[in-house]
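> Here the sequence shown is numbered in the numbering used here, starting from 14 and rising by one per residue.
The beta-carbon is built from N, C-alpha and C at its ideal position, and this holds for glycine as well.
I have a structure here, written as structure tokens, and I will follow up with some questions on it.
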Amino acid sequence: MRWNPPTGRINHTAAAVVLAVLGSLLPSPRAFAQQPGPGVSRPRLLTVMPPGGRAGSKVEVTLTGQDL
Numbered sequence: 014m015r016w017n018p019p020t021g022r023i024n025h026t027a028a029a030v031v032l033a034v035l036g037s038l039l040p041s042p043r044a045f046a047q048q049p050g051p052g053v054s055r056p057r058l059l060t061v062m063p064p065g066g067r068a069g070s071k072v073e074v075t076l077t078g079q080d081l
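As structure tokens, this is what we get:
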């Protein structure tokens, strides 16, 4: 004889999974970067040298740009 769980009751694990999936589908609010104040120009990065490096080694990086 088989035992069937009562109908009309929701398994708590299944309900938690459904809520997690539905919650992940909701749009999240956008994160905005802090805007510079009036009269302050935005920095521009032009080059990064060297363009690569070897894992585990030390590299001296040179940045060039405007308003850094």
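Kindly confirm or deny that the region 50-57 and the region 70-79 touch, where touching means at least three C-beta pairs closer than 8 Å.
Cβ pair count under 8 Å is three or more, so yes.
> Rounded to whole angstroms, what's the CA-CA distance from ALA28 to PRO40? Just pull it up for me.
Straight-line Cα distance between these residues: approximately 21 Å.
> Name the two residues that bound the continuous beta strand (DSSP E) containing GLY78.
GLY78 -> beta strand (DSSP E) spans 75-79.
> Could you compute how far the alpha carbon of PRO63 sits from the alpha carbon of ALA46?
Going from the Cα of PRO63 to the Cα of ALA46 covers about 28 Å.
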